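Counting in full-length UniProt numbering, the sequence shown runs from 1 upward without gaps. For each residue, glycine too, the CB sits at the ideal point set by N, CA and C. All figures in this text were calculated on a predicted structure; none of them were measured in a lab. Worksheet: one structure, shown below.
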Amino acid sequence: MRPWGCPAGAGLELAALLPRRGFPGQCAVPALRGGGGRCARAGGALSRRAREEARGAAAVSVMAAPLSGPLRPELAQAVSQARVLVVGAGGIGCELLKNLVLTGFSSIYVIDLDTIDVSNLNRQFLFQKKHVGRSKSQVAKESVLQFCPEANIIAYHDSIMNPDYNVEFFRQFTLVMNALDNRAARNHVNRMCLAADIPLIESGTAGYLGQVTVIKKGVTECYECQPKPTQKTFPGCTIRNTPSEPIHCIVWAKYLFNQLFGEEDADQEVSPDRADPEAAWEPAEAEARALASNEDGEIKRVSTKEWAKSTGYDPVKLFTKLFKDDIRYLLTMDKLWRKRKPPVPLDWAEVQKQEQNISDQQNESSAVLKDQQVLNVRSYADLFSKSVKTLSLHLAEKADGEALIWDKDDPSAMDFVTSAANLRMHVFGMNMKSRFDIKSMAGNIIPAIATTNAVIAGLIVLEGLKILSGKIDQCRTIFLNKQPNPRKKLLVPCALDPPNPNCYVCASKPEVTVKLNTHKVTVLTLQDKILKEKFAMVAPDVQIDDGKGTILISSEEGETEANNHRKLSDFGIRNGTRLQADDFLQDYTLLINVLHSEDLEKDVEFEVVGDTPERIGPKPSEPTSKNISNGSDDGAQPSTSTAPDQDDVVIVDSEDEGTSSNADDVENKSRKRKAEKGCECVGAKRARAEQEQDDLMIVESEDEGASSSVGEEENRSLKRKLEEKGCECVGAKSVC
Numbered sequence: 001m002r003p004w005g006c007p008a009g010a011g012l013e014l015a016a017l018l019p020r021r022g023f024p025g026q027c028a029v030p031a032l033r034g035g036g037g038r039c040a041r042a043g044g045a046l047s048r049r050a051r052e053e054a055r056g057a058a059a060v061s062v063m064a065a066p067l068s069g070p071l072r073p074e075l076a077q078a079v080s081q082a083r084v085l086v087v088g089a090g091g092i093g094c095e096l097l098k099n100l101v102l103t104g105f106s107s108i109y110v111i112d113l114d115t116i117d118v119s120n121l122n123r124q125f126l127f128q129k130k131h132v133g134r135s136k137s138q139v140a141k142e143s144v145l146q147f148c149p150e151a152n153i154i155a156y157h158d159s160i161m162n163p164d165y166n167v168e169f170f171r172q173f174t175l176v177m178n179a180l181d182n183r184a185a186r187n188h189v190n191r192m193c194l195a196a197d198i199p200l201i202e203s204g205t206a207g208y209l210g211q212v213t214v215i216k217k218g219v220t221e222c223y224e225c226q227p228k229p230t231q232k233t234f235p236g237c238t239i240r241n242t243p244s245e246p247i248h249c250i251v252w253a254k255y256l257f258n259q260l261f262g263e264e265d266a267d268q269e270v271s272p273d274r275a276d277p278e279a280a281w282e283p284a285e286a287e288a289r290a291l292a293s294n295e296d297g298e299i300k301r302v303s304t305k306e307w308a309k310s311t312g313y314d315p316v317k318l319f320t321k322l323f324k325d326d327i328r329y330l331l332t333m334d335k336l337w338r339k340r341k342p343p344v345p346l347d348w349a350e351v352q353k354q355e356q357n358i359s360d361q362q363n364e365s366s367a368v369l370k371d372q373q374v375l376n377v378r379s380y381a382d383l384f385s386k387s388v389k390t391l392s393l394h395l396a397e398k399a400d401g402e403a404l405i406w407d408k409d410d411p412s413a414m415d416f417v418t419s420a421a422n423l424r425m426h427v428f429g430m431n432m433k434s435r436f437d438i439k440s441m442a443g444n445i446i447p448a449i450a451t452t453n454a455v456i457a458g459l460i461v462l463e464g465l466k467i468l469s470g471k472i473d474q475c476r477t478i479f480l481n482k483q484p485n486p487r488k489k490l491l492v493p494c495a496l497d498p499p500n501p502n503c504y505v506c507a508s509k510p511e512v513t514v515k516l517n518t519h520k521v522t523v524l525t526l527q528d529k530i531l532k533e534k535f536a537m538v539a540p541d542v543q544i545d546d547g548k549g550t551i552l553i554s555s556e557e558g559e560t561e562a563n564n565h566r567k568l569s570d571f572g573i574r575n576g577t578r579l580q581a582d583d584f585l586q587d588y589t590l591l592i593n594v595l596h597s598e599d600l601e602k603d604v605e606f607e608v609v610g611d612t613p614e615r616i617g618p619k620p621s622e623p624t625s626k627n628i629s630n631g632s633d634d635g636a637q638p639s640t641s642t643a644p645d646q647d648d649v650v651i652v653d654s655e656d657e658g659t660s661s662n663a664d665d666v667e668n669k670s671r672k673r674k675a676e677k678g679c680e681c682v683g684a685k686r687a688r689a690e691q692e693q694d695d696l697m698i699v700e701s702e703d704e705g706a707s708s709s710v711g712e713e714e715n716r717s718l719k720r721k722l723e724e725k726g727c728e729c730v731g732a733k734s735v736c
């Protein structure tokens, strides 16, 4: 198949990156086609209307001029013969699929487990309102085939982590392109591509920021060569007793959803924490006050779910317990409120006397989008009542023992979290938030920018063309900045790093040392928290290297479940014991050296030697001087925040790399490595680098390493500054 495309329609961002030499082949825009599907430029008859549309399109953009032969013949052939796997059909995936067919790729496999939601339609342009609820991958296939009916596109509505997609499945592809939004799937695809020895192009966007990089076994760093920041957590006593930021109330509301309708988790308790060390008062006095509080509210303090079931999920009783009785109980903990503004309980009857928002009384078409409105307390109380009734009905429809799963795209679940979080914010004196803001924080969503996705998708294809040309040495990690750097560049390339010899994933013999207390750590903890969570294994098998091959953990269901709650020491595991962990799906083997220790810090269950400690409990929050008013600091800001030096992505815990503020230590090391190579770092949060080429041409250059004498002098000057001043970063915002 010859390369083809539509310069007058979709794909302009990709066409803009290619030389203008004319473009033979079929046109994707119906208005420019002639009879029989032939391009009108190739001799098909045009109707009068089509000719007018064609002239209008040409007047709008010079890109309407025909393009011919953008790829060298040998590269065009490689493109047409390549078999590509696209993992993810969301924001980046939609743009990427369109770009691939417009470039001439004819064999494309796409996999995505998600379905289309209304919120996707503002940026995932392959989907329309009529597609809501359908499989993203299937609809993406149907839409892309309208660009190129001859393309062979296979769509899977499934998880890439399904065992069916094993190493042999990955080996059939020439390239794998990630368009994912979560770390677990990224880790998995990284390992599958390493096992299959297939080049992987990794990408991610976060608001206005974006990144594309290439991963090749034995040539570049893999996705897991450098440690990633762990997701931010909050102390349980802060969530339950003394919230000071909206995010604390949102986390509490999500916990409450699970306690009432989902799977109960002891670590997600929402009732007041009587063990709060800050609330140490006289036991006798506390008991009397607690008893009085219970009598006043006529509620016996039992499990939240138990009590809710006993009331038949009565919304008024739930409201009274959560926002009146529990708050009154908190007020008995005097010491908590000596330097804080105490919470104010809500009474259902009093709240119902308030007027609803005017917008709630009318079926209005307000200038402000409904999701971006902040309602009053009465409106949120009514929304809470309505959502509780709806969710309890959904739960009743489930089989015995089954639970609801919180989903940001489930309207009832989102109504519940929005109303509960806002009511708690009001109780603790904070400014309430819109549904849009709460969804952004509760779902760990960074507001997506369609243009960012388009730019990154174009760069993915260009890196893919380099690989198909056999020029992987010219591939780059390319960053898209929010603002131009000192040299007025938004797109900034940096040389790919070689593999980390100590990486526990891509090293020739992956090995790691784990410090733990063998008398306390159970087999289940080893399996779930160490192997699955820390080392991202999917279905691990573990045997003790004791000469007998003792099986400790089996991926076969039921084989070793009896071992789950036994301590490691029960199996003779002690200091110096070696464990061999195998994940046959990932074709991955990891040797674990056990380092027994009884001196681990409090709440630290295990520690990877050379890595940061893994805490089993919430990490202590940063101390704050604003301790008088609970609502003095909104904490996690929505994307409209104008806080200095704060990127959009810092507001939530994104899975995308370089987007979390708690990654500074890791990124500082990365910036230093890049700077030593002559790369230029911009800003205090992200490593950035660039060569002398023009933004759009850097990826097509035949000699990426070439730079002008001016650029070389700048690089030498940068290096001198780093060495002399100890600066980690040189840019508009840096402070040495």
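Out of curiosity, what's the CA-to-CA distance linking residue 519 and residue 595? The residue labelled residue 519 in the question sits at position 519 within the sequence shown. The residue labelled residue 595 in the question sits at position 595 within the sequence shown. Straight-line Cα distance between these residues: approximately 12 Å.
On the DSSP bridge list, what partners appear for residue 593? Taking the sequence shown and counting its residues from 1, one reaches residue 593 at position 593. According to DSSP, which records beta bridges pairwise, residue 593 is partnered with 513 and 578.
Determine contact between the stretch 395 to 404 and the stretch 441 to 458, defined as no fewer than three beta-carbon pairs at a distance below 8 Å. no
Note down, in chain order, each residue of its chain lying with its Cβ closer than 6 Å to the Cβ of residue 148, except the 5 sequence neighbours on either side. Mapped onto the sequence shown, residue 148 falls at position 148. Taken in chain order, the residues that qualify are 101.
C-alpha gap between residue 80 and residue 105, whole angstroms: Indexing the sequence shown from 1 puts residue 80 at position 80. Indexing the sequence shown from 1 puts residue 105 at position 105. If you take the alpha carbons of residue 80 and residue 105, they lie about 5 Å apart.
DSSP three-state label for residue 217, please. Counting from one through the sequence shown, the residue named residue 217 turns up at place 217. The answer is coil: DSSP assigns residue 217 none of H, G, I, E or B.
Closest to residue 110 by CA distance: which of 137, 96 and 98 is it? As a position in the sequence shown, residue 110 is number 110, starting the count at 1. The shortest Cα separation from residue 110 among 137, 96 and 98 belongs to 137.
C-beta contact flag for residue 305 and residue 256 at 8 Å: Numbered from 1 along the sequence shown, position 305 holds the residue referred to as residue 305. Numbered from 1 along the sequence shown, position 256 holds the residue referred to as residue 256. Their beta carbons are not under 8 Å apart, which means residue 305 does not touch residue 256 by this criterion.
Under the assumption that residue 480 contacts residue 452 (Cβ atoms under 8 Å), give the Cβ distance between them as a whole number of angstroms. Indexing the sequence shown from 1 puts residue 480 at position 480. Indexing the sequence shown from 1 puts residue 452 at position 452. Residue 480 to residue 452, Cβ: 6 Å. Contact.
Does the distance from the CB of residue 123 to the CB of residue 91 come in under 8 Å? Residue numbering aside, residue 123 sits at position 123 when the sequence shown is read from its first letter. Residue numbering aside, residue 91 sits at position 91 when the sequence shown is read from its first letter. In this structure, residue 91 lies closer than 8 Å to residue 123 by Cβ.
Span separating the alpha-carbon of residue 207 from that of residue 244: Locating residue 207 in the sequence shown gives position 207, where the first residue counts as 1. Locating residue 244 in the sequence shown gives position 244, where the first residue counts as 1. In a straight line, the C-alpha of residue 207 is about 26 Å away from that of residue 244.
When burial is assigned at 16 or more other CB atoms within 10 Å of the CB, is residue 310 buried or exposed? On the sequence shown, position 310 is the one that residue 310 refers to. Residue 310 is exposed by the Cβ-count criterion.
Can you list the alpha helix (DSSP H) stretches of 4 or more residues lying completely in the stretch 469 to 555, in chain order? none
DSSP three-state label for residue 432, please. Position 432 of the sequence shown, counting from 1, holds the residue named residue 432. In this structure, residue 432 counts as coil in the three-state DSSP scheme.
For residue 347, which residues in the same chain have their Cβ closer than 7 Å to its Cβ, ignoring the five residues on either side in sequence? Here residue 347 is taken as the residue at index 347 of the sequence shown, counted from 1. Within the same chain, residue 347 has close Cβ partners 324.
6 Å CB neighbourhood of residue 210 in its chain, flanking five on each side removed: Counting from one through the sequence shown, the residue named residue 210 turns up at place 210. Closer than 6 Å at Cβ, skipping near neighbours: 452, 456 and 480.
Which one or two residues does DSSP pair with residue 739 in a beta bridge? Past the boundaries of the shown model lies residue 739; the chain is included only from 1 to 736, so the question cannot be answered.
For residue 604 and residue 514, believed in contact at Cβ under 8 Å, the rounded distance: As a working note, residue 514 is residue 514 in the sequence shown. As a working note, residue 604 is residue 604 in the sequence shown. In fact, because the Cβ distance is near 12 Å, the residues do not count as touching under 8 Å.
Local conformation of residue 566 per DSSP, three classes: Residue 566 sits at position 566 when you count from the first residue of the sequence shown. Coil, per DSSP.
Going by beta carbon distance, what residues of the same chain come within less than 7 Å of residue 162, once the five residues before and after it are set aside? For the purposes of this step, residue 162 is taken as the residue at position 162 of the sequence shown. So no residue of the chain qualifies.
Exposed or buried, what is residue 84 when buried is set at 16 or more other beta-carbons lying within 10 Å of its beta-carbon? On the sequence shown, position 84 is the one that residue 84 refers to. Buried: at least 16 other Cβ atoms inside 10 Å.
Which of helix, strand or coil does DSSP assign to residue 347? Taking the sequence shown and counting its residues from 1, the one referred to as residue 347 is at position 347. Coil at residue 347, not helix or strand.
Residue 329 by DSSP, collapsed to three states: which one? Taking the first residue of the sequence shown as position 1, residue 329 is located at position 329. Note: residue 329 maps to helix in three-state DSSP.
Neighbour-count burial assignment, residue 483, 16 or more Cβ in a 10 Å radius: Here residue 483 refers to the residue found at position 483 when the sequence shown is read from its first residue. With fewer than 16 Cβ atoms within 10 Å of its Cβ, residue 483 is classed as exposed.
To the nearest angstrom, report how far apart residue 251 and residue 174 are at their CA atoms. By 1-based counting over the sequence shown, the position of residue 251 is 251. By 1-based counting over the sequence shown, the position of residue 174 is 174. Each residue's Cα considered, the two are about 43 Å apart.
Can you list, in chain order, the residues of its chain whose CB lies under 6 Å from that of residue 219, leaving out five sequence neighbours each side? In the sequence shown, counting from the first residue as 1, residue 219 sits at position 219. Counting only Cβ-Cβ distances below 6 Å, and skipping sequence neighbours, we find nothing.
With a Cβ-Cβ cutoff of 8 Å, do residue 179 and residue 96 count as a contact? If you number the sequence shown from 1, residue 179 lands on position 179. If you number the sequence shown from 1, residue 96 lands on position 96. In contact: residue 179 and residue 96 (Cβ atoms closer than 8 Å).
Residues bridged to residue 83 (per DSSP): Position 83 of the sequence shown, counting from 1, holds the residue named residue 83. Paired residues: 107.
Over what stretch of residues does the alpha helix (DSSP H) that includes residue 192 continue unbroken? Within the sequence shown, the letter at position 192 stands for residue 192. Residues 183 to 196.
Cut-off 8 Å between Cβ atoms - residues of its own chain near residue 600, not counting five sequence neighbours on either side: Looking up residue 600 in the sequence shown gives position 600. Closer than 8 Å at the Cβ level, and outside the excluded window around residue 600, lie 515, 516, 517, 606, 607 and 613.
Taking only the alpha-carbon atoms, compute the straight-line gap between residue 560 and residue 553 and give it to the nearest angstrom. Within the sequence shown, the letter at position 560 stands for residue 560. Within the sequence shown, the letter at position 553 stands for residue 553. Computed Cα separation, rounded: 6 Å.
Take the Cβ of residue 499 as the centre, count every other Cβ of all protein chains shown within 10 Å, and call the residue buried at 16 or more, exposed below. Walking along the sequence shown from the start, residue 499 turns up at place 499. The residue is buried, with at least 16 neighbouring Cβ atoms inside 10 Å.
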